[in-house]
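Report on the structure given below.
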Amino acid sequence: MNYADLFRVTLPETALEIAALVVLVADLGFLRKAALNVRASVAALLGIFGCAAALWTMPLQAAGGLVYPGTGEVLLMAGGSAAVAQIGILALTVLTLFLLMDAEFTQHVGEYVAVVLMAAAGGLLIAAAQDLLIIFIGLELLSLGLYILAAFAKRSANSAEAAIKYYLFGGMSAAFLLFGFSYLYGLSGSTNLAQIVAAEQGMHSGAMLTIALVMVAAGLGFKVAAVPFHLWAPDAYEGAPAPAAAFIASVSKVASFALLISVSVAALHIFHGTHGPWSLILAVLATASMVLGNLVALAQVSVRRLLAYSAIAHAGYILLALAYFSDSPTNPSVILYYIVTYGLTTIGAFGVVAVVERSAGSDRLDAFLGLHKRNPALAAILLVLFLSLAGIPPLVGFWAKFNLFAAVLGVAAGAAPFGLVALALAMSAVSLYYYLQVLKRAFVMPAVTETPIVASPLTLAVLMMIAALVVVFGCFPALLQNWIAGFYPSM
Amino acid sequence: MLIQEELAAAFHPSNPCIVSFATRWLWLVPAVPMLASGVIALLKQPRRKPAAALAIGSLGFSLLVSLVAFAHVLSGWMHHEAVRETLSFSWIQVGAAHVELGWVLDPLAAVMMVMVSFVGLLIFIYSVGYMAHDENFTRFFCFLSLFAGAMLGVVIANSLLLLFMCWELVGLTSYLLIGFWYHKPSAAAAAKKAFLTTRVGDIFFLLGMVWLFAQTGTLLFYNYGAGSMEPLALGGLLASPAGLGLSAAGAIGLLIFAGAAGKSGQLPLHVWLPDAMEGPTPVSALIHAATMVAAGVYLIARVYPLMQAGALAGGTTTALTVVTWVGASTALFAALIAVGQNDIKRILAYSTVSQLGYMMAGLGMGGVAVGMFHLITHAFFKALLFMGAGSVIHGCHEEQDVRHMGGLRTAMPVTFVTYAVGMLALSGFPLLFSGFWSKDGILEAAQHWSVAKGPFYMLVFGAILTAFYMTRQVSYVFFGNWRGHGKAHESPAVMTAPLAILAFFAVALGFIGTPAWPWFRAFLNGQAAGLDLARFQEPGLLPLMASSSLAVLVGLGLGWWLYGNKQSRAEEPDVLERAARPVWMGLHGKFFVDELYGATVIAFYAWWARVADWLDRRVWGGAVAGVALLFRGWAHLNRLLDIHWVDGGFDKSCEELASGGGLLARVQNGRVQGYLRLLALGIVILAMILIWSSRG
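Chains as they are written, first to last, in this note's numbering: chain L, 1 to 491; chain V, 492 to 1187.
Written out as structure tokens, the structure is:
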């Protein structure tokens, strides 16, 4: 192992970092006098080029990833589920950058894009990481970026409050996570997941290991906003600027769940099956998230907070699949399918909310009154996205949920998984209620005002493309599924 | 286009075989007309020319692709290769199970594809003239295009599921087109009847399909040895019994045949087809004569390996025996009814039912090539007859009763000549006309059928009747004196030109299936074909040809003797009616099948609905009312208790809940310190749960 090997595996991350620097130089150096929208477009375009370059370098990564010489233990994966997650991260980053182009919350677009790119690089790292140290570094790179992004609307008190809450919460979880990692290191003498598995396989269910896993679960539960580590999410979703909130809700989720898959695979090997403490922890978190997320969402009057609680609920569904996890090729692919398509839909939802918010001045439910008269295209997009989030066929959300629950029942038989899936289905039905609350205001209830809501053509085009993808992937579920499944040739 | 590329990328990787260019692009054949239909649907009502041009252009393109595919199969055949190329892709994948769709290019599909797109194209062109004055011109072409696309989809499908989807689309467009003039109550009723009757068959078809999937795990017909029509799957089907002495293969075959019988108007589901004549005449020609009704026959030809599974050499199977008897009965039954009809299109409709019976019988006794040959020749001459009838109706100011026509041979010479060609082909006039050769093939198969001789005699008698009722019709329409109102006129060239083209094929097609040069059979079966006049000398062949010719001539002579060139009035009763009134009433009343269904099935449903209504109103309604009364009494009691006991307690608990809500609100109060405390608490609780559970 030398720096050349490291470089070959981290080509996409490198591409993103270079792009971040280029954006800074261009924005701060050459475009100081340019108009804000020009700077925003240039910065976003450069960022998109950076993501494209990262995508382009992915096939050039060293096959098999970065390996300790001699031992064969993998430090950083390349290909497989990591590649799916990384492509998802890059694609979703591109979409959030599109949303930036006509945003007005900041004058510092160059810095914004640079931070987005660096956070995305952190996401790429943790999606591939197989070593506790790299996991932690990647997580911090991602999280620090997210804190900054949440605070980016400097003149907004809400934004600052959201960021400081997010930061304090994140710092505390990172501390727990690091504590858990140090226990794991102490127990096994290694920071490599494969070596930890090898060391722990014989001596399962020691109390120390349980404590360590709880700490790890707390740290990662914070990242995916699982109950009871979710308290930051509603405030952050509500206060952060819309593109930043979309980034937090999509890209960071994909990366964190990819990491959870890696950890779950390791836990699966430690406990020789699904009934270890790790799956119990995840099942508890999943149940709490599904129930609390969906029920509290019912009471929300702010659409952003509603989306936050719905995100908590969705995290619950995915955690359920991770609790009843198996190492077969289908299982991780089903989870990644869910989280990537969820990220896609939720970016679109935040895009629509941002447009409405700018026109109406608030994201209250009543701001959506008569949307289908005020901007029919936007209302149609909202309809597609929210119905997909609720899991209505033939939209992509339906297939994602269907595959996810089918995978749970396929892995584990018995009363507990069956009951939990039944609970998840019941909670999905509950979720339909609050999604329809928004749609009812957009389509059925009488409008207070008829003044049209104007969306810039670019934003509308991006949102339409997202809605179209949601429909197309829903009608042809095999497209994305086969593509994701194609990354698991050997497992 | 993006979707298509991705679809291509999603093709099943387990198909290593390289498929030809023709097969790779075969999907264009149904896709382009469907796309055209979608575009036409978006056009405004007055845009007639673009609508017609789009429909005709798209089907012309389909014909072109079909011809390329046909040429590909033909060149393979000439090099002594049996071409059967398939292309499948996975449509839905759930865990290990996946549902696959795909298309197939083999001689059967190629022949059918060329026929459907060619006849369809001629009928499209003809429709431009026929529908010129209709205000819903664009809607008509939208439906026609959708139909053509769906029908071509049925033809190229390599999966029973894809076939079924297109099959249902075909049924939908048939419904839309029968009811095209929906302001006519009879048309609306006919559309409904067609949809519901074919649905009876489709339910069985669906059952058969689900059973097949459960047994074989695939709905693909051919998949490099793993398809459901290939020996491996068929062996499994034969081995599993299904009761009543049937194997699963036989039972599934019968279920699928029930679907085919619904679509192809076989007894006892034939009742919808004559009523379907309420649609515009091009629709009758395209859908209810040449293509859609033949879909049932095509389906049986497609699943022939299943129908035939388990037959010993020269033997037959239960499924094929049933197909034969149903087909032969239908052929005779419908021919009898056709004798007693007066509506020009209804005569042709019953004749279609009868000929479909011939095709089914041909499939049942002689195999795919015999039935399919009659299907192809029939498509041409029956389309010709329907379009000729349309031309007559057009020229006689929308008159459809043959008694109010007469002597049209001078007023409509082109229509007369082409119609006469079609009529002679349908009657099976010896040697010159295609109908003779294709019907002769069926009769020959019937003669050699080992199970029973009944079908043979039924079919010969049917042939006499066919010649008879067609002579009767032509005599009424083209000979004798003019009995209608106003003055008849010839139709425009856009209508007569397709007639002439079809008339040419009604004659010429016969020569690819004579016993001396059985090219069609050889092509379908993948054998070599050569001209050998000596085959006429096979024992029994010439006598058979002579006797079938005799049957035709007897029918023609009888018809001409009774109806030919008489001067008469429209109100006069029919010759047969004067001779034998009860028989005529039976024939004219279509053997009262509709009335029978009305008195049994429909009456039963009506009675059942009344019973259900009564039960609902009296029994259940009474029970509900009783329960409601009980609860109201209970509620009164409760109210008394409430006021005196519970209210105080309730108020107390409300206060408790309100303060509890305040507590919950204080949790999510936006204060970070509290949040962090909760986080730590969460960890502790989680750890406690775990440690407790590992003890227990």
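Backbone N, C-alpha and C fix where the C-beta goes; we use that ideal spot for every residue, glycine too. Since the structure is predicted, the reported quantities are computational estimates derived from the model, not experimental observations.
DSSP bridge partner residues for residue i (one or two, in chain order)
| i | result |
| --- | --- |
| residue 1008 of chain V | V/1005 |
| residue 591 of chain V | V/581 |
| residue 1198 of chain V | This structure cannot settle anything about residue 1198 of chain V, because the visible part of chain V is limited to 492 through 1187. |
| residue 1062 of chain V | DSSP, once it has assigned bridges, lists no residue as partnering residue 1062 of chain V. |
| residue 749 of chain V | DSSP, once it has assigned bridges, lists no residue as partnering residue 749 of chain V. |
| residue 813 of chain V | The partner list for residue 813 of chain V (beta bridge, DSSP) is empty, contrary to what the question assumes. |
| residue 129 of chain L | L/76 |
| residue 734 of chain V | V/737 |
| residue 302 of chain L | L/364 |
| residue 66 of chain L | L/76 |
| residue 599 of chain V | According to DSSP, which records beta bridges pairwise, residue 599 of chain V is partnered with nothing at all. |
| residue 375 of chain L | Residue 375 of chain L is not bridged to any residue. |
| residue 331 of chain L | Bridge partners of residue 331 of chain L: none, in fact. |
6 angstroms Cβ shell around residue i - same chain, five flanking residues per side excluded
| i | result |
| --- | --- |
| residue 1066 of chain V | 1053 |
| residue 474 of chain L | 394, 395 and 396 |
| residue 918 of chain V | 957, 958, 961 and 1043 |
Close-in-space but distant-in-sequence residues of the same chain around residue i (CB under 8 angstroms, 5 per side omitted)
| i | result |
| --- | --- |
| residue 1156 of chain V | Unreliable positioning characterises residue 1156 of chain V in this predicted model, as indicated by a pLDDT of 45, which lies under 50. The coordinate reading is nonetheless provided below. Correct list: empty, nothing qualifies. |
| residue 1077 of chain V | 831 and 1083 |
| residue 352 of chain L | 378, 381, 382, 385 and 463 |
Chain V contact for residue i (CB, 8 angstroms cutoff)
| i | result |
| --- | --- |
| residue 277 of chain L | yes |
| residue 172 of chain L | yes |
| residue 421 of chain L | no |
| residue 223 of chain L | no |
| residue 94 of chain L | no |
| residue 401 of chain L | no |
| residue 229 of chain L | yes |
| residue 232 of chain L | yes |
| residue 493 of chain L | Residue 493 of chain L lies beyond the range of chain L shown here (1 to 491); nothing can be said about it. |
| residue 294 of chain L | no |
Closer than 8 angstroms to chain L by CB, residue i
| i | result |
| --- | --- |
| residue 1181 of chain V | yes |
| residue 1173 of chain V | yes |
| residue 581 of chain V | yes |
| residue 526 of chain V | no |
| residue 1178 of chain V | yes |
| residue 1148 of chain V | The predicted position of residue 1148 of chain V is uncertain, since its pLDDT is 48 and thus under 50; a value taken from the coordinates is nonetheless stated next. Chain L contact via Cβ: absent. |
| residue 1163 of chain V | yes |
| residue 578 of chain V | no |
| residue 711 of chain V | no |
| residue 653 of chain V | no |
Nonlocal neighbours in the same chain, by C-beta distance under 7 angstroms from residue i, ignoring five residues either side
| i | result |
| --- | --- |
| residue 190 of chain L | 196 and 199 |
| residue 432 of chain L | 390 |
| residue 89 of chain L | 120, 123, 124, 127, 251, 254 and 255 |
| residue 151 of chain L | 159, 160 and 163 |
| residue 857 of chain V | 932, 933 and 936 |
For this session: Tell me, please, whether the stretch 281-296 of chain L touches the stretch 420-434 of chain L by the rule of three or more beta-carbon pairs shorter than 8 angstroms.
Result: Between the stretch 281-296 of chain L and the stretch 420-434 of chain L there are three or more C-beta pairs closer than 8 angstroms, enough to call the two in contact.
Problem set entry | Stretch pair the stretch 102-120 of chain L + the stretch 128-140 of chain L: three plus CB contacts closer than 8 angstroms | no
Exercise. Looking at chain L, which residues of the stretch 620-651 of chain V have a Cβ within less than 7 angstroms of any of its Cβ atoms?
Worked result: Those residues of the stretch 620-651 of chain V that come within reach of chain L (Cβ to Cβ, closer than 7 angstroms) do not exist; the list is empty.
Exercise. Any residues in the stretch 329-353 of chain L with a beta carbon nearer than 7 angstroms to a beta carbon of chain V? Which ones, in chain order?
Worked result: 330
For this session: Check each residue of the stretch 236-264 of chain L: if its Cβ is closer than 8 angstroms to any Cβ of chain V, include it; give the result in chain order.
Result: none
Exercise. Touch check for the stretch 718-737 of chain V and the stretch 778-790 of chain V: three-plus C-beta pairs under 8 angstroms?
Worked result: no
Exercise. Using Cβ-Cβ distances below 7 angstroms, what residues of the stretch 189-214 of chain L are close to chain V?
Worked result: 205, 207, 210, 211 and 214
Exercise. Which residues, taken in chain order from the stretch 156-169 of chain L, show a beta carbon closer than 9 angstroms to some beta carbon of chain V?
Worked result: 161, 164, 165, 168 and 169
Exercise. Using 8 angstroms as the Cβ pair cut-off and three pairs as the minimum, do the stretch 865-878 of chain V and the stretch 911-923 of chain V touch?
Worked result: yes
Exercise. Between the stretch 443-462 of chain L and the stretch 324-333 of chain L, do three or more beta carbon pairs fall short of 8 angstroms?
Worked result: no
Exercise. If contact means a Cβ-Cβ distance below 8 angstroms, which residues of the stretch 601-618 of chain V contact chain L?
Worked result: Identification of residues in the stretch 601-618 of chain V having a C-beta nearer than 8 angstroms to some C-beta of chain L yields an empty set.
For this session: Examine the Cβ distances between the stretch 615-624 of chain V and the stretch 986-1005 of chain V and report whether three or more of them are shorter than 8 angstroms.
Result: Yes: the two stretches touch, three or more of their Cβ pairs being nearer than 8 angstroms.
Exercise. Touch check for the stretch 300-310 of chain L and the stretch 358-366 of chain L: three-plus C-beta pairs under 8 angstroms?
Worked result: yes
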